[in-house]
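Visitor:
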Amino acid sequence: MSAPAITATCAVWLCDVYTPHDLMAALAAGKAGRVVEMLSFHGSPDKQEFGDGYVRMGDADITIRLLPQDEQVRMAVQSLQRQLEAERARFHERQQALLREIGKLQALTFDGS
Numbered sequence: 011m012s013a014p015a016i017t018a019t020c021a022v023w024l025c026d027v028y029t030p031h032d033l034m035a036a037l038a039a040g041k042a043g044r045v046v047e048m049l050s051f052h053g054s055p056d057k058q059e060f061g062d063g064y065v066r067m068g069d070a071d072i073t074i075r076l077l078p079q080d081e082q083v084r085m086a087v088q089s090l091q092r093q094l095e096a097e098r099a100r101f102h103e104r105q106q107a108l109l110r111e112i113g114k115l116q117a118l119t120f121d122g123s
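With this note's numbering as the guide, the letters of the sequence shown map in order to residues 11 to 123.
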């Protein structure tokens with residue numbers, strides 16, 4: 011079974027991180043991937059404004075081929091597991107810092123007898 015797909019036409023925007031000159035230089039150099047990375051795709055083709063710092067560059071026909079649902083779920087779970095591990099590590103570091111502070115305070119009252 012082929013992956014579900016959807017095609018739509020949307021507005022294409024260049025943010026102020028790049029200039030139209032940057033875009034045209036990448037296009038002239040045949041760097042299609044770089045051109046796509048420079049652009050944002052949002053809104054219907056008749057949309058004239060997107061936000062501060064964005065310049066309308068044209069329209070795009072985009073086809074999105076979705077991954078199978080079980081793969082989407084697997085990847086979402088993996089992402090959440092990575093976030094969970096990062097949070098655990100961050101809180102472990104904080105707990106260790108608190109335990110060190112407790113130890114320092116307790117050492118102040120230790121009289122050695």
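C-beta atoms are modelled at their ideal positions from N, C-alpha and C, and glycine is treated no differently.
Since S50 and Y28 are thought to touch, with beta carbons under 8 angstroms apart, how far apart are those beta carbons, to the nearest angstrom?
Guide: Start at 1 with the first residue of the sequence shown, and residue 50 comes out as number 40. Start at 1 with the first residue of the sequence shown, and residue 28 comes out as number 18. That belief does not hold up - the Cβ atoms of S50 and Y28 are roughly 11 angstroms apart, past 8 angstroms.
Visitor: Does the region 81–100 come close enough to the region 36–53 that 3 or more CB-CB pairs lie under 8 angstroms?
Guide: Taking 8 angstroms as the limit for Cβ pairs, the verdict is that the region 81–100 does not touch the region 36–53.
Visitor: With distances taken from CA atoms, which of V22, I16, A15 is nearest D69?
Guide: Here residue 69 refers to the residue found at position 59 of the sequence shown. For D69, the nearest C-alpha among the options comes from V22.
Visitor: What separation, rounded to the nearest whole angstrom, lies between the Cα atoms of Q79 and L118?
Guide: As a first step, residue 79 is located in the sequence shown; it is residue number 69 there, counting from the start. As a first step, residue 118 is located in the sequence shown; it is residue number 108 there, counting from the start. So the alpha carbons of these two residues sit roughly 59 angstroms apart.
Visitor: So, L109 versus P14, is the Cβ gap smaller than 8 angstroms?
Guide: Sequence index remark: in the sequence shown, residue 109 carries index 99 (1-based). Sequence index remark: in the sequence shown, residue 14 carries index 4 (1-based). No.
Visitor: Specify, as a first and last residue, the run of the beta strand (DSSP E) that A46 falls within.
Guide: Residue mapping note: residue 46 aligns to position 36 of the sequence shown, counting from 1. Residue 46 is actually Val in this sequence, not Ala. Per DSSP, V46 belongs to no beta strand (DSSP E); it is in the alpha helix (DSSP H), 42–48.
Visitor: How many angstroms separate the CA atom of D32 from the CA atom of S54?
Guide: Looking up residue 32 in the sequence shown gives position 22. Looking up residue 54 in the sequence shown gives position 44. Cα to Cα, the separation comes out at about 25 angstroms.
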